[in-house]
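These notes concern the structure reproduced below.
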Amino acid sequence: MTATIAPKEKHHASHPVVDESPLLAAVIAEFPSAGAVLTAAKTIRQAGWTDWDVHSPFPIHGIDDVMGIRPTRLPWITLGAGAMGITVALLMQWWMNGVDYPFWISGKPFFGLPAAAPVAFELMILFAALSTIAGMLLLNGLPRFSNPLFSSEGFRRATSDRFFICISARDPMFDREVALKAFSDCHATAIDECWAPPASERKFPKALSLALMVLFTLALIPPVLIAQKRSTTTTEPRLHAISDMDFQPKFKPQRTSTLFADGRAMRPQVSGTVARGDLRADSRLFKGLEPGPKVHRTLALLQTAPATPPVARLVSAEGGPRDVAERLVALADPPPADPLDSQPWVTSFPVPVTSKTMKRGQERYNIYCATCHGLAGDGDGLVTRRALELEQGTWIKPTTFHSDNLRAQPVGRLFHSITNGVRKMPSYADLVSVEDRWAIILYVKALQQARHADAKDIPSDLIPQLRDLPKE
Amino acid sequence: MSTVTADFLNNTQEQPGVRSPLVLGRHDNTTVTERICQIAESPKPPRAWYIAISISSSFTLMLFGLIGYLVTTGVGVWGNNAPVFWAWDIVNFVFWVGIGHAGTLISAILFLFRQHWRTSINRFAEAMTIFAVVCAGIFPSVHVGRVWVIYWLLPVPNQNAIWPNFRSPLLWDVFAVSTYATVSLLFWYMGMIPDIATFRDRATSRWRQVVYGVLSLGWTGSARQWHRYEKAYLLLAALATPLVLSVHTVVSFDFAVSQVPGWHTTIFPPYFVAGAVFSGFAMVVTLMVPARAFFGLKELVTLRHLENMNKIILVTGSMVGYAYAMEFFTAWYSGNRYEQFAFINRAFGPYAWAYWTMVTCNVISPQLFWFKKVRTTPWMMVIVCIFVNIGMWFERFVITVTSLSRDFLPSSWGYYKPTFVDIGMFVGSFGLFFTLFLLFCRFLPIVAMAEVKSVMPANHANEDH
Amino acid sequence: MTTVVAEMTPHSPKELASFANQNLGFLEGRANQGAYIIGGLGLTLALVLGLCAGDGLQHFWHSYLLAVCFYTSLSLGGFAFVALQYLTRAGWSIVVRRIAEIFAVSIKTCGVLFLPIVLSVLMGSSSLYIWNNPELARTDELIRSKVPYLNSWFFALRQVIYFSAWTYLTQRFWKASLDQDRNGNPETTLRLERLSAPTLLVFAITTTFASIDWMMSLDPHWFSSIFGIYFFSGCMVGFLAALNLVVNLLQRRFELLSMITADHRHDMGKLLFGFMCFWAYIGFSQYLLIWYANVPEETVWFKVRQSGTWGAVSIAMMIGHFVLPFLGLMPKSMKRDPQMLAAWSLVLLVMHAVDYYWLIFPTFEIDGPTLPLLSLSCLMGVGGLYVAAWLSIAGQRSLVPLADPRLPESLAVHNLM
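Those protein sequences? They're chains C, P and V, same order as listed. For what it's worth, the numbering used here labels the leading residue of the first sequence as 93, then goes sequentially. For what it's worth, the numbering used here labels the leading residue of the second sequence as 49, then goes sequentially. For what it's worth, the numbering used here labels the leading residue of the third sequence as 2, then goes sequentially.
Right under this line is the structure:
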């Protein structure tokens, strides 16, 4: 510690009785140059003084050796703070992004060293730098606004162009006369005494302490307000700092609007227009029906009589109570004269029939259909088997694809069944795209043919391979 | 000191084995103190100062007015729009951060390299650093739009109960720039403590005594204080050196970690750092030349100081030129057609005018510094340095805007145009910069007196050890 | 902040004159012969091993490239060091500059040693550079697009340009420096200061493209614009480590160069420390940008180096080339102590060789190193020839620039931080 002059606390301790006279704190000597003060410092040290210091406007090279100043501990503070900075940064990033709130972003690991390095580096520097400055000030006993040295008018030049040696009154061998003698022996150009004000005058200024108290109280208000807001609930809406961002002049779906005569914010399609991607002019592809005037009539018919009531979809999905289910089963009974039988269904595929389509169809079938219809289309999928096992009365076993009725159905009719559902089976239009529906039908057709195939249908080059199949 | 001839002020001739003096004229500790203190102690600053600060503060007012307009209206008042979502905001940010590199470089790196000539200019450059970083910080802050929730960027609990994403380079930027601002501010302040103590001890009015007394923290310049102070200075220099490199490195990561052609190239970190030093030194020279004439500091900030800075500008300018060349070569060598297009588009696309402005100002104009005449003639170097500053602004513009305006998808190409708010905020940031700078010149020690004294030969003559 | 404006002449003129005896003339060529023998043995062993490997000498050529690159990098580092000292008008480094100059001038030997590689490429061998395979250059789209640059004739021409530029410039510095020993003309210093700036410009461009040619084009698909700077940072680390080791050896074994004190070591240690950090900075930047952007055409290069044995090598390099020396060289006492500085320099020199091994081999041996012995014997062989050249350049010449006007300043340097 520097502490050239007795700090007031020490004085208080040693003088319990308030002393009203100024105290001699130090004697100082002025020198004209760095060289002169260096020489004088050697003498002072040799004379055996211990509590003394040199004051200069700039650091004098070599003074540390002359005065015997030991290397400061500051580098250790810096090193420790730097290491702490790295540790804190890594732990913080690991915990925040890796443990407490992990989320995927741009395929990066939750916590990875490369991405954590920049922040770790910055915090290392920040911690180390702050501690270095704080450590330097603390070790130097700064800030210190009251210093007996400032009582000397001449000492003011210590920060401009004069060099001083100061011997503190706390030095064990301090004696005013001896110190002054020592200075004049060193050819000091001027000698002065520094007086500490009497204890009664060394009180903290009243106005300042009042101002500090007010400031402190004011500083408490924001944290208290925040704490209060955080710990209470309110029915008031939150503050809207920018109201036109929070309340934007736009309509959300299913809201009303006075702007339109019908009072709806959502606008129906303008007649005679088609939304992008909604043009479904190709009747064969999108409806499974041959084009012609009859189509429109059929469409109207289909729209008024949905194959499956929406309620049934809901219940079958959730497995409702038995009585409701029984009523629904009755409802789901096919109408006696099925108008669907007489539609102009397409009988050939409106999509290219390739092995790629077949593969796609197999894949889609196994995903969407096989759970109920079974992998081979016998109506014995896992869900079906489970439902029958549990004797679920609401469950209707899917028809096998291999019945004559179904084998005779044109592909357009099958397409219609997938698109709109049949009996308890819901529509799969929103799950399976148009092309995929045709691919599934292609695969179903393949399943049907495979069941009724004989050796003639097998390509001759494949027959030898069949023999190699393991016997069941 | 007007009796000193101009010839005497030229200390740029090198004689090997003899080091030229760093302080000219018959200066001693007293005159150095006088010369520097009188700038801040004169009861009334010169009329030019009043004119300058009234101009700059009106631009500052314009800046704050525009910020208010932006905050209350939204960032749509800027010209940023698809596909150029980063434009003048980020360009100005990188430009100002770059300017802010010279100060710490001079105070830290040149210190570690024992370049004693830094002592006359480091205070000045450090102040410039702080003010440039202040200007830089404004742009990304207001760019977030809702500035009142900007604390979401910090790792503090917020109402969304989520933490910032530390994997984002933009968050690294928050840490890098705020660390840099904090450390350089403290470094600057710590360097000023002994000089503020000088001001305190020379103060005649009560309020100056109080203000400078509080700011100087009771410094008495004791040998024990100096010992720790110097150690702290050394440690801070050793910390600030990697810090200053890391800041522009992280800024370059903002661009280079992406996959945008023209942004993603590995040379970006050193290239950005070199560019930052380049622009920072150019700004120091631009300001230093008029300041030393105005404040009568020609004997402290000598032609040799300026020449040395110009040499560094030449070196870093060449590094930047090297990086441009490497980018181009690698774009061709990579065989990646998007990368190749990005560079052809820079040089010959709709922003070719910006590209060639950049090349002319950044690569060609500093080549004039090969001539000693240009390096040592103040008005010439100021012209070159202003060109360099223009060029470095355009460099960031070229990188940001040309790459975004035309990337992978030709259907979403666009052409960016700034609005009056963009232009006004950029001009206004110069106003803020100069306002802070003029206040600094008026009230604080603009040359590090203690450090200058420590390199004056007279202060070493009598030492025997 | 405490600064020393070099206090002159603690050394008397007589003492300065005695520096002329600071040379290796007493070895009388014995060391050269030893070095040649080691060189011959090493290369023979390498060739035998290479032939035994039975891979069309692929392994041998890669090892040979490694060895030549390694020693060339020391010379390049020395060259940059010398030019930088002139450029910055440095005073402290005069006492070690002659040794750096010897490293720099040895680059002509590296040129000769590189000749076999150039010849093999000219003769159409693609065992080292696969872009030289005409079949691949036709079928591989990326390589085809690079043929204007990556073809045997242009490659050979570039090598001629690099080595002749380096040889010419190093010789100019060397001759002028030796002349100054005799005439003590301070004008020489000024002339070389003027020359140093354009020299460094040429150095930067040639070194960059040399690194692309030698190492980056081994995987002709891969590219990185920072590669030249990475290579340069390695050159400086390698050279400074070698410089410290040479100074230590000369001081300890032959009691030469006693004027190089703890203050000079301190500065050399700081430079080594600084360039080591610079190497880590460049290496990390390159890795982070490629890791983060995750573009397959770039990550493939690191993918190989990150998996299996190469992954272990990468980790070892991170620790041995940065973390440990960083902590080790940080304290002032480590840099000032001759043995500690030499020990850390040795670590870094070895790691520098590992770095080049890591740059060169994974492209060829994807699964990990299989025959490090071959690379070691190549390093030994080429090293023997390099050392022999080094010694013959040093010859009878003074190891200190006797009449450099800044020598007194260098002798009096005080290092306070």
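Quick reminder that beta carbons are idealized off the backbone N, C-alpha and C, glycines included. Keep in mind the model is a prediction, meaning the values are calculated, not measured.
Beta-carbon proximity list for residue i, same chain, < 8 Å, skipping 5 on both sides
{"i": "C:L231", "result": "M93, T164, R165 and L166"}
{"i": "V:L325", "result": "V348"}
{"i": "C:A133", "result": "V146, I155, V158, M159 and I257"}
{"i": "V:S127", "result": "N133, N134 and L137"}
{"i": "C:T439", "result": "P502, V503 and G504"}
Buried versus exposed call for residue i [16 or more other C-beta atoms within 10 Å across all chains shown]
{"i": "C:H332", "result": "exposed"}
{"i": "C:L310", "result": "exposed"}
{"i": "V:C53", "result": "exposed"}
{"i": "C:G469", "result": "buried"}
{"i": "C:A409", "result": "Because the pLDDT of C:A409 is 41, which lies under 50, any placement of that residue in the model is unreliable, and the question is left without a value."}
{"i": "V:K304", "result": "exposed"}
{"i": "V:G396", "result": "exposed"}
{"i": "P:V321", "result": "buried"}
{"i": "P:V305", "result": "buried"}
{"i": "C:F195", "result": "exposed"}
{"i": "C:S509", "result": "buried"}
{"i": "C:L218", "result": "buried"}
{"i": "P:D243", "result": "buried"}
Chain V residues whose Cβ lies nearer than 8 Å to that of residue i
{"i": "P:M428", "result": "Correct list: empty, because the minimum Cβ distance to chain V is about 19 Å."}
{"i": "P:H312", "result": "L290, A294 and V296"}
{"i": "P:E62", "result": "R90, L191 and E194"}
Neighbourhood of residue i by C-beta, 7 Å cutoff - its chain only, sequence neighbours within 5 removed
{"i": "P:C183", "result": "W144, S477, L480 and F481"}
{"i": "C:L565", "result": "Lying outside 93 to 564, the shown extent of chain C, residue 565 of chain C is not represented and no answer is given."}
{"i": "V:L75", "result": "F104, G239, F240 and A243"}
{"i": "C:T463", "result": "G473, L474 and V475"}
{"i": "P:I241", "result": "S264, L265 and W267"}
{"i": "V:Y169", "result": "none"}
Chain-order list of residues whose beta-carbon lies under 6 Å from that of residue i (same chain, five-residue window excluded)
{"i": "V:G382", "result": "G40, G43, L44 and A47"}
{"i": "V:M269", "result": "N245"}
{"i": "V:L408", "result": "I95"}
{"i": "P:V325", "result": "H149, L153 and T364"}
Listed by chain order, chain V residues near residue i by CB distance under 7 Å
{"i": "P:S382", "result": "F224"}
Chain C contact residues for residue i, given Cβ-Cβ distances below 9 Å
{"i": "V:F285", "result": "P206 and A209"}
{"i": "P:D249", "result": "F242, F247, R248, R249, A250, T251 and S252"}
{"i": "P:V259", "result": "None at all; the shortest Cβ gap to chain C is about 12 Å."}
{"i": "P:R215", "result": "Q185, N189, I197, S198, K200, P201, F202, F203, G204, A207 and A208"}
Contacts of residue i in chain P (Cβ-Cβ under 7 Å)
{"i": "V:M333", "result": "Reading the sequence as shown, one finds Lys at residue 333 of chain V and not Met. Ordered by position in chain P, no residue passes the 7 Å Cβ test against V:K333, which lies about 10 Å from the chain."}
Simplified DSSP state of residue i, which is helix, strand or coil
{"i": "C:C278", "result": "coil"}
{"i": "C:T348", "result": "strand"}
{"i": "V:L151", "result": "coil"}
{"i": "C:E269", "result": "helix"}
{"i": "P:K465", "result": "coil"}
Neighbour list for residue i in chain P, Cβ cutoff strictly below 8 Å
{"i": "V:G229", "result": "M374"}
Beta-carbon neighbours of residue i, restricted to chain D and to distances below 8 Å
{"i": "C:G199", "result": "Within the model displayed, chain D is absent; protein chains C, P and V are what it includes."}
Residue i beta carbon near the ligand GTP (any heavy atom closer than 7 Å)
{"i": "V:S153", "result": "No copy of the ligand GTP occurs in the structure displayed, which carries no ligand at all."}
Per-residue contacts from residue i into chain P (C-beta, under 9 Å)
{"i": "C:T486", "result": "Those do not exist, as C:T486 stays about 44 Å from chain P at its closest Cβ, beyond 9 Å."}
**OP:** Could you say if the stretch 349-367 of chain P and the stretch 277-288 of chain P meet the contact criterion of at least three C-beta pairs nearer than 8 Å?
**Re:** no
Subject >> the stretch 192-200 of chain P in contact with the stretch 157-166 of chain P per 3-pair CB rule at 8 Å >> reply: no
Original post:
Given 8 Å as the limit, is there contact between the stretch 481-494 of chain P and the stretch 100-110 of chain P, that is, 3 or more CB pairs closer than that?
Top reply: yes
Subject >> Contact between the stretch 206-218 of chain C and the stretch 172-186 of chain C (3+ Cβ pairs under 8 Å) >> reply: yes
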